[in-house]
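Asks:
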Amino acid sequence: GWASILAATFPPGSVTGAPKHSALKTIGELEREARGPYCGAIGWVDGDRRTARLAVGIRTFWLERGLLRFGTGAGITWGSDPAREWAETELKAERLIGLASGRS
């Protein structure tokens with residue numbers, strides 16, 4: 001059913017890294033908070049018509065207990081330069097903060 005399809009496809013490998021099972025284990029060990037909607041499935045499923053429209057929740061805001069939240073990150077690979085990846089993450093966060101504050 002839909003639950004098993006979503007469990008198999010989200011979060012996508014393009015977000016977790018590969019091999020996916022190992023990457024998810026490492027993410028679970030290192031990240032202090034759950035990602036919430038960030039990098040998860042955003043969209044709808046119509047079980048009666050057996051159709052869905054889903055997207056990956058990146059550059060996405062959500063409200064949680066009165067707080068506006070967002071997630072951001074960079075794609076880490078064996079060839080990554082940690083300083084450049086961190087700079088990319090900061091740039092993405094800066095743009096989202098600008099949008100939320102009305103500066104962009």
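In UniProt numbering, the protein residues as written are 1 to 104. For each residue, glycine too, the CB sits at the ideal point set by N, CA and C.
#1: Quick one: what does DSSP say R53 is sitting in, helix, strand or coil?
#2: By how many angstroms is the C-alpha of W86 removed from the C-alpha of G79?
#3: Could you tell me if G40 is buried or exposed, where buried requires 16 or more neighbouring beta carbons within 10 angstroms of its beta carbon?
#4: With a cut-off of 8 Å, do at least 3 Cβ pairs link the stretch 27 to 41 to the stretch 1 to 14?
#5: Per DSSP, what kind of secondary structure is R59 in: helix, strand or coil?
#6: Determine, using beta carbons only, whether A55 and T72 come nearer to each other than 7 Å.
#7: For a test of your reading of the model: does the CB of E90 fall under 6 Å from any non-hydrogen atom of the ligand PLP? Yes or no.
#8: Would you report the Cα separation of R65 and G102, rounded to the nearest angstrom?
Replies: Reading off the structure:
#1: strand
#2: 14 Å
#3: buried
#4: yes
#5: coil
#6: no
#7: What this structure holds is no ligand at all, so the ligand PLP is not there to describe.
#8: 21 Å
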